[in-house]
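Encoded as C-alpha cells, the structure appears first; notes follow it.
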DNA sequence: GTGGTCTAGACCACG
DNA sequence: GTGGTCTAGACCACC
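Chains as they are written, first to last, in the working numbering: chain Y, 84 to 207; chain A, 84 to 207; chain D, 84 to 207; chain R, 84 to 207.
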C-alpha cells in the first residue's frame, strides 16, 4: 500500500488517507473488486489511530468508491459508481489551471504538466 | 478588488483571502508599490470579521509579499515572491485530474477539457 | 424463494434475510406449515455465509414465526406473528416522506407519488 | 431542540441525531439560516459524547443540509441544496408501502397513515 | 467562544 | 478474523 502521510500537510490525516486511496484507485493500482487492507493493519502501518482510518474509509464509502462488507472487509467498488457530473469536475480543473496561468506558465508548459500528471495517474 | 470567499471551500476564510490577494499580485492586477485596501474596508466588503483579514495580511507580510506600515496601510512589496512554485501548483492539478480519471473520462476527453479551459483563460 | 440482498443496504445481511422471509410469510407466499429451504441451499442460492442464514432463522424462531426441527428442517409456524405492528411500519414511512418533503416536493406531489406506488402494488 | 435518542434503536446514535435534525428541518421547526445548537451543548443535553454529535453534523454537512462555519457554528443551509432525485426518493417509499400492503393494511388505511405523517411533518 | 481532529482503549456486531 | 461505534480527554484552528 503506497500511502504516506505528511504532518506538514494542512489536510487532516484521514483526508490524506482517503485522497491517497482515491489516487491509487484512479491509477488502477488497486483494481475493482480488490480488497483494501484491514483497518487495523493500515492504521498500524501508517502509525495512526484506528479511528482515523475508519473515518477515511467511511468517506470513501459514502462517495461510492469502496464497498464495505461488515465482517469481511472493504473492496473497491465499480468505478462507475463514483461518477461525478462534468460540471462538478470542471470547477477544480479551472481553478488549478487559473493559478498556473497567473503564475506565468505558458500554454506549452501547462500542457506538459498535465500530460505528466495524466501519465502517472493512468499508467501507474 | 476581485476577491470572493466561498463558505463551502474547505480552506479557512483568512487563507482564501490571502490566496486571493496572492493571485491578484501574481497576475499583475495589483502592481508593486500599490496600496492594498484598508483592513476595515476589505472586511466590510467581504462581510467577514476584521480579525480574519488581519490574519490574512499577517500571512502575506511574513511571506514578504506586502509591507505593512503602521498608520499608512499595506502596500505590495514584491511581485516575484507571489509566484507559486510549480510543486504547489501541481497538487490541485493532480487532484482535479484524479477526479476526472475516477469518473471514467478518457485521456482524450480530459485533454480536450483542459484545452477548452486554457483557451477561455488565455484568450480571454 | 423471492429473496434479494442488497449490499448497499445498511441492515446486516442476516437481517435482510429475516425481514424478507417475514415478508413472504406475511404476504402468504409461504403458507403455514410449509417448509422453508434448507440452510445450506438458501446460503448457496444467496451466495452468503451459512452462519448468516442460521442467524436469520434463529431470529425468526425466537419470534415464534418458524419452527426448527432438528433433522427435518424449518417450517412456518404462525402467519399471524409475521404481521408488523403499525408502529413498526410507520418508521420507514415517516423516513421516506421526510426525505421527500426535504427535497421540496409539495403535498400534492407526494400524495400523487404514493398513489402511483400503491396502484402498482395493489393492482399489479 | 426536540431530539431524543433511543438506545434500543438499532441505528447508531450519531445517525439518530442526524435523522432527527433532518426531520426538524423538513418540518420547518428549524428555518433556513437559523443556527443549530453548539456541538458541546447538544452533546451535553443528550448526554452523549461530543464526537458523536460532531459525526452527525459532518454527515449533515456533506449532505449539504447544514453549513458549518469554523468558529461561528452551524446553520441550516438552503433546503434546495438537499434535493435528491425523485428516483432516489421512490425506493424507500415503495419499500415502506410494500410492507404496509403485505401486512394486510387496506388502501384507505395506508392513505390515512400517509396523510397523518405528512400533517405532522409539514404543519409541525 | 466556536468546530475539527486525533488518540487510547473499550465493547459490539457481523460473517 | 473483519468493520462500527462510543467514550474520555487532549490539543488545535478559526473568528
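Just so it is clear, CB atoms sit at the ideal spot from N, CA and C, and this is done for glycine as well.
Computed from a predicted model, the values in this text were never measured in an experiment.
{"Query": "Quick one: list the residues of chain D neighbouring residue 150 (chain Y), beta-carbon separation under 7 Å, in chain order.", "Result": "90"}
{"Query": "Could you please tell me which residues of the region 131-162 of chain R, in chain order, have their CB closer than 8 Å to any CB of chain A?", "Result": "150, 152 and 153"}
{"Query": "What alpha helix (DSSP H) runs, 4 residues minimum, are completely inside the region 116-168 of chain R?", "Result": "122-129 and 133-145"}
{"Query": "Starting from residue 194 (chain D), follow the alpha helix (DSSP H) in both directions and report where the run begins and ends.", "Result": "190-205"}
{"Query": "If we cut at 7 Å on Cβ distances, does residue 197 (chain R) have a partner in chain D?", "Result": "yes"}
{"Query": "Along the region 172-193 of chain D, where does the CB come closer than 8 Å to a CB of chain R? Name the residues.", "Result": "172, 173, 175, 176, 177, 178, 179, 180, 181, 182, 183, 184, 185, 186, 187, 188, 190 and 193"}
{"Query": "Using 8 Å as the Cβ pair cut-off and three pairs as the minimum, do the region 190-197 of chain A and the region 112-120 of chain D touch?", "Result": "no"}
{"Query": "Roughly how many angstroms lie between the CA atoms of residue 172 (chain A) and residue 88 (chain A), to the nearest whole one?", "Result": "20 Å"}
{"Query": "Among Y:117, Y:177 and Y:200, which one has its Cα closest to the Cα of residue 59 (chain Y)?", "Result": "Beyond the ends of chain Y as shown, which are 84 and 207, falls residue 59 (chain Y); an answer cannot be given."}
{"Query": "Would the region 98-109 of chain R count as touching the region 93-110 of chain Y if we require 3 or more Cβ pairs under 8 Å?", "Result": "no"}
{"Query": "How many whole angstroms separate the CB atoms of residue 136 (chain R) and residue 100 (chain R), which I take to be in contact at a CB cut-off of 8 Å?", "Result": "6 Å"}
{"Query": "Quick check: is the beta carbon of residue 116 (chain D) nearer than 7 Å to any beta carbon in chain R?", "Result": "no"}
{"Query": "Going along the chain, which residues of the region 102-115 of chain D sit with their C-beta nearer than 8 Å to a C-beta in chain R?", "Result": "106, 109 and 110"}
{"Query": "Do residue 147 (chain A) and residue 164 (chain A) come within 7 Å of each other at the CB atom, strictly closer than that value?", "Result": "yes"}
{"Query": "Using the rule of at least 16 other Cβ atoms within 10 Å of the residue's Cβ for burial, across every protein chain shown, is residue 124 (chain R) buried or exposed?", "Result": "exposed"}
{"Query": "Measure from the C-beta of residue 167 (chain A) to each C-beta in chain Y and report whether the shortest distance is under 7 Å.", "Result": "yes"}
{"Query": "Between which two residues does the alpha helix (DSSP H) carrying residue 110 (chain Y) extend?", "Result": "Counting along the chain, residue 110 (chain Y) falls outside any alpha helix (DSSP H), and DSSP gives it neither H nor E."}
{"Query": "Would residue 177 (chain A) pass as a contact of residue 169 (chain Y) if the rule is Cβ separation under 7 Å?", "Result": "no"}
{"Query": "Can you find a C-beta in chain Y that's less than 7 Å from the C-beta of residue 204 (chain A)?", "Result": "yes"}
{"Query": "Do residue 133 (chain R) and residue 126 (chain R) have their C-beta atoms within less than 7 Å of each other?", "Result": "yes"}
{"Query": "List the residues of chain A that residue 201 (chain Y) touches, going by C-beta distances under 7 Å, in chain order.", "Result": "180, 190 and 193"}
{"Query": "Rounding to the nearest angstrom, what Cα-Cα distance links residue 157 (chain Y) and residue 174 (chain D) in this structure?", "Result": "30 Å"}
{"Query": "Any idea what DSSP makes of residue 186 (chain R), helix, strand or coil?", "Result": "coil"}
{"Query": "Hey, residue 204 (chain Y) and residue 184 (chain A): beta-carbon distance below 7 Å or not?", "Result": "yes"}
{"Query": "Write down the C-beta distance between residue 122 (chain A) and residue 97 (chain A) rounded to the nearest angstrom, noting that I regard them as a contact closer than 8 Å.", "Result": "With 8 Å as the limit, residue 122 (chain A) and residue 97 (chain A) do not qualify as a contact, their Cβ atoms being about 12 Å apart."}
{"Query": "Hey, how far is the Cα of residue 167 (chain A) from the Cα of residue 182 (chain Y)?", "Result": "8 Å"}
{"Query": "Whose Cβ in chain R lies nearer than 7 Å to the Cβ of residue 95 (chain A)?", "Result": "153"}
{"Query": "Counting C-beta neighbours from all protein chains within 10 Å, is the total for residue 149 (chain A) 16 or more, i.e. buried, or is it exposed?", "Result": "buried"}
{"Query": "As a quick exercise: from D:144, D:142 and D:92, pick the residue whose alpha carbon is nearest that of residue 144 (chain Y).", "Result": "D:92"}
{"Query": "Beta-carbon within less than 7 Å of residue 151 (chain R)'s beta-carbon, same chain only, minus the 5 sequence neighbours each way: which residues are those?", "Result": "140, 144 and 157"}
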